[in-house]
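Chains as they are written, first to last, in the working numbering: chain A, -12 to 698; chain B, 70 to 126. Think of the CB as a built atom: it goes at the ideal place given N, C-alpha and C, for glycine as much as any other residue.
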């Protein structure tokens, strides 16, 4: 594909371009580009439409017989956006080119608005009712023969992503049949149409379309009209428009649209049947509840409950137990310990410890079914140098290398074990849930629900949600720069994000810990984090002047998630996560290894003891979790999860550590980001504020729970 | 052409690749929606193969 500044219109055609053209037109997100991709060959040109930032793609059909234009999505031919203006301009530049209107079969009503306007403009072509598979799965049946009779052009059901029906409909568009979905309006408007068309050149195509565009109040048509007629004609057209306008105080465009829709609704009722299925009922119910201010909270609660069970109990419980206790502790780590002992000999003996793994299936937070147990005695990472032996230089070096790989802070025994045995099962289950939310169409509804809460603190949901719901690696800086429209929002967002809104991957591990505590503990965590975020956000909103911009999201129809899509999305996320995160786990473990090697870890533990053990009431080992939490918060959370799973944290300590790690400083990558985007001073200020703040709040929660008897 | 799961807009092909400014890595490889900022991983060869196996669009 090549990108040029050449205009996409017919005047810029090269000599080698085919003489015929075909224009793809349709509402946004109906699959035009998929159809374009299937029809065209290798040579495709993407260029900005002259005077705009809108890109138009054109290419040569694989048969080499015609050129194809992929226009921007348009809901109508009276432009409401730059995209729609460009689409109409292309139609005007190529009056004889057939049009393939690509429509979403599940939203026939929206499509037929455009079809009727193509009729007004006397275009020829065909209608592709795309996403036929989607329609079928939702019980929607469209009588194609009746539609073809009504619209006048060839009609075909297509599934663009499977290429079904695509070539056929493109070929049939050259039959020259005109779109004939003509809508008759009330007398005053029809009279005005007639008066306008009488003033237009006899050979002008689409005079009715021109007339309706003028009457709708569109000004953008006039430059073209002046070229086609004269200034005098344009002035007379404006006079007719004004004469009609005073008869309709609510606006002529509104009247035209209403009457058009009334006729289209009648057509849709005639040609479309929706099979009443239980699935449709459920989807309709969920969809209607999902954005309701109160009922939506029920849906959010249900989603969270399922997530907590699946991620926290099954993922962090059954799967982590399997990978960590059975796979790593019983096989992988012992294998590599023995291998290291064989390759790097120095006189020592490992402690042999029994490792029992039980396959358990969780039924609830309190109940599980134990199926069977596998017990093995294996060498642990703990060892003792043979008594009375003084190690040579080579043996000491071998020992260091040995410990680097299979010691307590070894690459295999800790970095890979954490990465593959602990974090991976948790994030994998979390990603499955995410795939479900995405594929079902619920995700934007969740954004709408959360936005209501964010508006209370003067923040736009679109500022934070993409980061929370997405991966958040680069999002903080570039997101605040790109999508936030006001400085106020950018500052609040940076502050709140720096306070520690976890991205989805980190949230997965945190949720795994949340699943192990009682409802009281969960409430303490949720309320503490929410209060902190809202307090800081509220204060910032008061202090910083300016308005927040609006969150505008298109809500796709809800649908039953497809198993295949969820698998694909989950694997894509896992693959990316492993490539991105495991190296950081290795780096973090290496850091701990060297700190331990030079006896610095003990010193750090002692230094941090007044805060970690005294104020937060956590065991000394939690210091390491916070230390590696600087690198990646999910790594730190995984460390805390390990302590919890080994019984070293009681419920009070879990809640305290959860609150602290949630509010903790951002990952080091994000700190560098702030430094790069906002300056080193801002980055330092944020770390200096957040670091003690997180520990302060963690300690306050601890004492709050003790004093209220919750802990 | 990918449709953003959050804002439901089509992400233009040349806007797909994350233009990262993260100093921790040259290419994080994520796809970012230019309209809402939502990030998601691209489909690698392995993922495309899996998609073929499960027979999904």
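Straight through space, the alpha carbons of residue 325 of chain A and residue 403 of chain A are spaced by roughly 17 Å. The C-beta distance from residue 119 of chain B to residue 555 of chain A rounds to 6 Å, short enough to meet the 8 Å contact threshold. Residue 376 of chain A sits in coil when the DSSP states are folded into three classes, being neither helix nor strand. Residue contact check for residue 114 of chain B against chain A: no CB pair falls below 8 Å.
For the segment 398 to 431 of chain A, the set of residues with a beta-carbon nearer than 7 Å to any beta-carbon of chain B comprises 425, 430 and 431, in chain order.
If you draw a straight line from the Cα of residue 67 of chain A to the Cα of residue 145 of chain A, it comes to about 28 Å. In this structure the segment 187 to 195 of chain A does not lie against the segment 238 to 253 of chain A, because fewer than three pairs of beta carbons, one per stretch, are closer than 8 Å. Taking a C-beta distance under 8 Å as the contact criterion, residue 87 of chain A and residue 115 of chain A qualify as a contact pair.
Membership of residue 693 of chain A in the alpha helix (DSSP H) is indicated by the continuous run 667 to 694. Contact annotation: residue 129 of chain A and residue 22 of chain A have beta-carbon atoms that are not nearer than 8 Å.
Taking all protein chains in view, the Cβ of residue 405 of chain A is crowded by 16 or more other Cβ atoms within 10 Å, so the residue is classified as buried.
Contact between residue 625 of chain A and residue 607 of chain A is ruled out by a C-beta separation of about 18 Å, above the 8 Å threshold.
Going by DSSP, residue 14 of chain A is part of no alpha helix (DSSP H) at all; its letter is neither H nor E.
DSSP places residue 337 of chain A within a strand segment (E or B) once states are collapsed to three. Going by beta carbons, residue 211 of chain A and residue 79 of chain A fall inside the 8 Å limit.
Short of 8 Å from the beta carbon of residue 177 of chain A, and not among the five residues preceding or following it, lie these beta carbons of its own chain, in chain order: 171. In this structure, A/420 is the residue among A/151, A/420 and A/293 with its C-alpha nearest to the C-alpha of residue 548 of chain A. Three or more pairs of CB atoms, one per stretch, sit closer than 8 Å, so the segment 568 to 584 of chain A contacts the segment 386 to 405 of chain A.
For residue 109 of chain B, DSSP records a beta bridge to B/100. Taking a C-beta distance under 8 Å as the contact criterion, residue 139 of chain A and residue 159 of chain A do not qualify as a contact pair. The Cβ of residue 555 of chain A sits closer than 8 Å to at least one Cβ of chain B.
In the three-state reduction of the DSSP assignment, residue 108 of chain A falls in the coil class. For residue 559 of chain A, at least one C-beta of chain B is nearer than 8 Å to its own C-beta. Apart from sequence neighbours up to five positions away, the residues of its chain that approach residue 215 of chain A with a beta-carbon distance below 7 Å are 188 and 191, ordered along the chain. Between the alpha carbons of residue 387 of chain A and residue 336 of chain A lies a distance of about 15 Å.
Pairing residue 314 of chain A with residue 256 of chain A gives a Cβ-Cβ distance that is not under 8 Å. Apart from sequence neighbours up to five positions away, the residues of its chain that approach residue 102 of chain A with a beta-carbon distance below 7 Å are 88, 114, 138, 166 and 168, ordered along the chain. DSSP places residue 230 of chain A inside the alpha helix (DSSP H), whose first and last residues are 218 to 232. Here the segment 640 to 656 of chain A makes contact with the segment 684 to 696 of chain A; the two share three or more CB pairs at distances below 8 Å. Between residue 132 of chain A and residue 142 of chain A, the alpha-carbon positions lie close to 8 Å from each other. Each residue's CA atom was taken as its position, placing residue 522 of chain A and residue 24 of chain A some 50 Å apart. Contact between the segment 415 to 432 of chain A and the segment 352 to 367 of chain A is not established, with fewer than three Cβ pairs separated by less than 8 Å. Residues of chain B whose Cβ lies closer than 7 Å to the Cβ of residue 434 of chain A are, in chain order, 75. Around the C-beta of residue 117 of chain A, 16 or more other C-beta atoms lie within 10 Å, and the residue is accordingly described as buried. Nearest neighbour of residue 613 of chain A by Cα position, chosen from A/232, A/576 and A/338, turns out to be A/576. The beta-carbon distance between residue 125 of chain A and residue 277 of chain A, rounded to whole angstroms, is 17 Å. This is too long to meet the 8 Å contact definition.
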